[in-house]
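Sequential numbering of the sequence shown, starting at 1, is according to my numbering. C-beta atoms are modelled at their ideal positions from N, C-alpha and C, and glycine is treated no differently. Worksheet: one structure, shown below.
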Amino acid sequence: MAGDVETARRAAERAEARLARLTGPARRHCEIRSGHPPRAAPPIDRRLARAREAFRAAWGAYVAARDAEAEPPVA
């Protein structure tokens, strides 16, 4: 069971890192410098939405695995 929690935690960390890359300083810098979002905003926004959803799913799986491990088995 501990392996499931660890695997879920690593998946959540990877999803969080991808989300951070998509919302990182390079994108903000482009928006600040030009005064408007980059021309490829719709694909970036779609990728960002998918990354957010993947993070939420991965985090939910991690929390479920962690809680399942913490609960004593019902006899």
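Taking all protein chains shown into account, do 16 or more other C-beta atoms lie within 10 angstroms of the C-beta of residue 5, making it buried, or fewer, making it exposed?
buried
Do you know how far the Cα of residue 70 is from the Cα of residue 50?
30 angstroms
Backbone CA spacing between residue 16 and residue 65 [nearest angstrom]:
18 angstroms
So, is residue 58 buried or exposed, given that buried needs 16 or more other C-beta atoms within 10 angstroms?
buried
What number of angstroms, rounded off, separates the C-alpha of residue 14 from the C-alpha of residue 67?
20 angstroms
Quick check on residue 12: buried or exposed, where buried means 16 or more other Cβ atoms within 10 Å of its Cβ?
buried
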